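Take the sequence shown: its letter number 56 is residue 56 in our numbering, and every next letter is one higher.
What follows is a short report on a single structure.
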Amino acid sequence: MPGSRSVWFATSNDHKFEEARLVLADSGLALQRLGSKGVEMQADTPQEVAALAASEAFRSAGKPLFVEDTGLYIESLGGFPGVFASYAFKTIGVDGVLRLLGRSPRRGAEFVSAVSYRDSEGSADFTGRLRGSIAWSGRGTEGFGFDPIFVPEGAKATLAQMTPATKCQVSHRAKALGAMCEWLTTARGR
Ligand code: ITT
Numbered sequence: 001m002p003g004s005r006s007v008w009f010a011t012s013n014d015h016k017f018e019e020a021r022l023v024l025a026d027s028g029l030a031l032q033r034l035g036s037k038g039v040e041m042q043a044d045t046p047q048e049v050a051a052l053a054a055s056e057a058f059r060s061a062g063k064p065l066f067v068e069d070t071g072l073y074i075e076s077l078g079g080f081p082g083v084f085a086s087y088a089f090k091t092i093g094v095d096g097v098l099r100l101l102g103r104s105p106r107r108g109a110e111f112v113s114a115v116s117y118r119d120s121e122g123s124a125d126f127t128g129r130l131r132g133s134i135a136w137s138g139r140g141t142e143g144f145g146f147d148p149i150f151v152p153e154g155a156k157a158t159l160a161q162m163t164p165a166t167k168c169q170v171s172h173r174a175k176a177l178g179a180m181c182e183w184l185t186t187a188r189g190r
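Below, the structure is given as structure tokens:
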């Protein structure tokens with residue numbers, strides 16, 4: 001789009017970038033990619049992880065950019081894996097989470113997405129949440145990560161049984177990115 005404002009998404013995750021492309025499609029913002037959000041610092045919440053990473057990425061790249069960090073909180077596991085979602089996915093994976101839950105009827109869970117934006121004028125932070133439950137077994141082939149076992153509240157399908165566009169109508173990430181978009185194109189002017 002000629003004259004449109006560029007904003008960079010620092011992520012190593014192709015799926016996250018594609019979802020951001022869908023959410024920002026009609027915003028008038030030109031989405032660009034930075035290969036990685038840099039060294040991921042350990043912190044207690046996705047909001048802190050995203051804020052630390054965004055500040056670091058802006059210091060080194062000097063471009064208007066955002067990073068996004070997601071946590072998955074499973075109620076009957078005391079909130080595990082929380083901010084360690086990436087580590088849990090790489091180690092025990094979807095099957096390991098299903099094993100931990102066993103036949104427990106308590107399957108409530110929540111995705112929390114934290115988006116941190118930085119540019120030379122300042123910063124802003126946004127959070128999106130998606131409540132739901134952990135399925136009894138994996139279903140679907142769309143999406144990534146824990147999508148095959150996450151059923152959003154009010155739905156029967158897992159996120160992996162939804163098209164990317166349908167996932168983006170309800171997802172934690174789409175809510176946080178939508179709020180950032182709104183802020184960039186209204187409060188911040190264009
Ligand atoms: P970054 O480079 O952007 O950090 P990442 O894959 O490490 O990419 P996160 O730390 O935000 O991303 O996510 C942690 C993990 O949580 C991720 O690897 C997935 O396994 C899972 N996850 C994140 N968002 C998800 C979603 O929308 N649906 C299912 N699983 C998700």
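Here a beta-carbon is modelled for each residue, glycine too, at the ideal position from N, C-alpha and C.
For clarity, every value in this text was computed on a predicted model and none was experimentally measured.
#### Entry: Reduced DSSP category for F111 - H, G, I as helix; E, B as strand; rest coil
On the sequence shown, residue 111 is found 111 positions in, with the first residue counted as 1. Strand at F111.
### Query
Is A165 helix, strand or coil when you go by DSSP?
Walking along the sequence shown from the start, residue 165 turns up at place 165. Correct three-state label for A165: helix.
### Message
My assumption, with CB atoms under 8 Å, is that T70 sits in contact with P105. Please give the rounded CB distance.
### Response
Locating residue 70 in the sequence shown gives position 70, counting from the first residue. Locating residue 105 in the sequence shown gives position 105, counting from the first residue. Not really, about 26 Å apart at Cβ, beyond 8 Å.
#### Entry: Separation of R99 from A25, as counted between CA atoms
In the sequence shown, counting from the first residue as 1, residue 25 sits at position 25. In the sequence shown, counting from the first residue as 1, residue 99 sits at position 99. Cα to Cα, A25 sits roughly 38 Å from R99.
### Message
For a test of the three-state rule: what should DSSP assign to P46, helix, strand or coil?
### Response
On the sequence shown, position 46 is the one that residue 46 refers to. Helix, per DSSP.
### Task
Let me know if Y87 comes out buried or exposed under the rule of 16 or more other beta-carbons within 10 Å of its beta-carbon.
Within the sequence shown, numbered from 1, the residue matching residue 87 stands at position 87. It is exposed - the Cβ of Y87 has fewer than 16 other Cβ atoms within 10 Å.
### Task
Give every residue of the same chain whose Cβ lies closer than 7 Å to the Cβ of V170, excluding the five residues on either side of it in the sequence, and list them in chain order.
For this step, residue 170 is matched to residue 170 along the sequence shown. Excluding residues within five positions, the ones whose Cβ falls inside 7 Å are L130 and P152.
#### Entry: A30 - DSSP class collapsed to helix/strand/coil
Counting from one through the sequence shown, the residue named residue 30 turns up at place 30. If DSSP states are grouped into helix, strand and coil, A30 belongs with the strands.
### Query
Is the stretch 175–190 touching the stretch 117–137 in the sense that three or more CB pairs, one from each, lie closer than 8 Å?
yes
#### Entry: Span of the alpha helix (DSSP H) around S86
Here the question's residue 86 lines up with position 86 in the sequence shown. Start and end: A85 to T91.
### Query
When DSSP builds the beta bridges, which residues end up paired with G132?
By 1-based counting over the sequence shown, the position of residue 132 is 132. Note: G132 sits in a beta bridge opposite A109 and P152.
### Message
According to DSSP, simplified to helix, strand and coil, what is E56?
### Response
Position 56 of the sequence shown, counted from the start, is the residue given in the question as residue 56. For E56, the secondary structure class from DSSP, reduced to helix, strand or coil, is helix.
### Task
With DSSP as the reference, label G178 as helix, strand or coil.
For the purposes of this step, residue 178 is taken as residue 178 along the sequence shown, with counting starting at 1. Residue state, collapsed to three classes: helix.
### Query
Which two residues bound the contiguous beta strand (DSSP E) that contains A10?
Within the sequence shown, numbered from 1, the residue matching residue 10 stands at position 10. R5 to A10 is the extent of the beta strand (DSSP E) around A10.
### Task
Might you give, ordered along the chain, the residues of its own chain that have their beta carbon closer than 6 Å to the beta carbon of R5, omitting 5 neighbours on each side?
Against the sequence shown, residue 5 aligns to sequence position 5. Contacts found: L29.
### Query
Can you round the beta-carbon distance between A160 and R139 to whole angstroms, since I take them to be within the 8 Å contact cut?
For the purposes of this step, residue 160 is taken as the residue at position 160 of the sequence shown. For the purposes of this step, residue 139 is taken as the residue at position 139 of the sequence shown. 7 Å between Cβ atoms; contact.
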